[in-house]
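Structure first, then comments.
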Amino acid sequence: GEDVEQSLFLSVREGDSSVINCTYTDSSSTYLYWYKQEPGAGLQLLTYIFSNMDMKQDQRLTVLLNKKDKHLSLRIADTQTGDSAIYFCADSDTGRRALTFGSGTRLQVQP
Amino acid sequence: DTAVSQTPKYLVTQMGNDKSIKCEQNLGHDTMYWYKQDSKKFLKIMFSYNNKELIINETVPNRFSPKSPDKAHLNLHINSLELGDSAVYFCASTGPHHEQFFGPGTRLTVL
Numbered sequence: 064g065e066d067v068e069q070s071l072f073l074s075v076r077e078g079d080s081s082v083i084n085c086t087y088t089d090s091s092s093t094y095l096y097w098y099k100q101e102p103g104a105g106l107q108l109l110t111y112i113f114s115n116m117d118m119k120q121d122q123r124l125t126v127l128l129n130k131k132d133k134h135l136s137l138r139i140a141d142t143q144t145g146d147s148a149i150y151f152c153a154d155s156d157t158g159r160r161a162l163t164f165g166s167g168t169r170l171q172v173q174p
Numbered sequence: 234d235t236a237v238s239q240t241p242k243y244l245v246t247q248m249g250n251d252k253s254i255k256c257e258q259n260l261g262h263d264t265m266y267w268y269k270q271d272s273k274k275f276l277k278i279m280f281s282y283n284n285k286e287l288i289i290n291e292t293v294p295n296r297f298s299p300k301s302p303d304k305a306h307l308n309l310h311i312n313s314l315e316l317g318d319s320a321v322y323f324c325a326s327t328g329p330h331h332e333q334f335f336g337p338g339t340r341l342t343v344l
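Line by line, the protein sequences are chains A and B. For the first sequence, this note's numbering gives the first residue as 64, with consecutive numbering after it. For the second sequence, this note's numbering gives the first residue as 234, with consecutive numbering after it.
If you want it as structure tokens, here you go:
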């Protein structure tokens, strides 16, 4: 079946850039997503990218998609302590219209 | 506010009890979902309804029964609760780019 994988943990210093990586196996994914989950909270949609794009920028967030390698990344510029959270990558199965999530990357921002 | 809402936010109950979680979305979306997030933060699809019709039913014990009285509501009823049912349950609905908007979650603890 489909699989989405992420590294579990990333620690950066405030003001640095963070890069969170994700790989997926489903070559028919139409959209790929990044969600943020703060402690005790729900999932907040940060951004998404259509599979025929290779880059999308939204303020401090840059998403890069390498469809050949099935690799997705999220770059957060000027990382702040408020960015500390778990970040989930997900892809969509357009047939079932359900999301398959990675295991989440816990981002820790040190002051 | 336009959103996906769930009640209750916390649910603590004894093994063997029957409980329900309610979900409502006022985003006008046709498709709604239930996801389960375990203690390791792993998220997995349980059910999906499109316009009151069940379209996804993953390998979930039949003690779990979703009910959709109309396209804005998707409730989850759980019979004979077990310790392993303890998790956070998220409701979601789908927007035009297949992006999913999540409710705040219901933390279920079975004692």
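Virtual Cβ for every residue (Gly too), placed ideally from N, Cα, C.
Residue i - containing beta strand (DSSP E), residue span
| i | result |
| --- | --- |
| Asp121/A | Met118 to Asp121 |
| His331/B | Premise fails: His331/B is in no beta strand (DSSP E) and is neither H nor E. |
| Asn207/B | This structure cannot settle anything about residue 207/B, because the visible part of chain B is limited to 234 through 344. |
| Ala257/B | Before going on, a small fix: residue 257/B reads as Glu here, not Ala. Run containing Glu257/B: Lys252 to Gln258, per the beta strand (DSSP E) assignment. |
| Arg296/B | Segment: none, Arg296/B is in no beta strand (DSSP E) and carries neither H nor E. |
Cross-strand partners of residue i (DSSP beta bridge)
| i | result |
| --- | --- |
| Glu286/B | Asn283/B |
| Thr327/B | Gln333/B |
| Met265/B | Tyr282/B and Ser326/B |
| Ser155/A | Leu162/A |
Beta-carbon neighbours of residue i, restricted to chain B and to distances below 7 Å
| i | result |
| --- | --- |
| Ser155/A | His331 |
| Tyr150/A | Result: empty, since nearest Cβ-Cβ is about 11 Å, beyond 7 Å. |
| Gly167/A | Lys274 |
Within chain B, the residues that residue i reaches when beta carbons sit closer than 8 Å
| i | result |
| --- | --- |
| Gly145/A | None at all; the shortest Cβ gap to chain B is about 19 Å. |
| Thr142/A | Those within 8 Å of Thr142/A in chain B number zero; the least Cβ separation is about 20 Å. |
Chain-ordered neighbours of residue i on chain A, where CB pairs are closer than 7 Å
| i | result |
| --- | --- |
| Phe335/B | Gly105 and Leu106 |
| Gly338/B | Gly105 |
Cross-chain neighbours of residue i in chain A, by beta carbon under 8 Å
| i | result |
| --- | --- |
| Phe348/B | With chain B running from 234 to 344 in the structure shown, residue 348/B is simply not present. |
| Gly249/B | Neighbours of Gly249/B on chain A: none; closest Cβ ~28 Å, over 8 Å. |
For the region 107-126 of chain A, list every residue whose C-beta sits within 7 Å of some C-beta in chain B, in sequence order. Answer in chain order: Leu108 and Tyr111.
Would you call the region 294-314 of chain B and the region 254-263 of chain B in contact, with 3 or more CB pairs under 8 Å? Three or more pairs of CB atoms, one per stretch, sit closer than 8 Å, so the region 294-314 of chain B contacts the region 254-263 of chain B.
Do the region 236-249 of chain B and the region 132-152 of chain A meet, that is, are 3 or more Cβ pairs less than 8 Å apart? Counting C-beta pairs with one atom in each stretch, the region 236-249 of chain B and the region 132-152 of chain A have fewer than three that are closer than 8 Å, which means they do not touch.
Any C-beta of chain B within less than 7 Å: which residues of the region 69-90 of chain A qualify? Within the region 69-90 of chain A, no residue qualifies.
When the Cβ atoms of the region 114-123 of chain A are set against those of the region 326-334 of chain B, are three or more pairs found closer than 8 Å? As far as the Cβ criterion goes, the region 114-123 of chain A does not touch the region 326-334 of chain B, which means the pair count is below three.
Contact list for the region 285-301 of chain B against chain A, Cβ threshold 8 Å: Result list: Ile288 and Ile289.
At a CB distance below 9 Å, what residues from the region 237-262 of chain B approach chain A? Give them in sequence order. Result list: Val237 and Gln239.
Does the count of Cβ pairs from the region 165-174 of chain A and the region 281-296 of chain B closer than 8 Å reach three? Remark: fewer than three beta-carbon pairs, one from each stretch, lie closer than 8 Å, so the region 165-174 of chain A and the region 281-296 of chain B are not flagged as touching.
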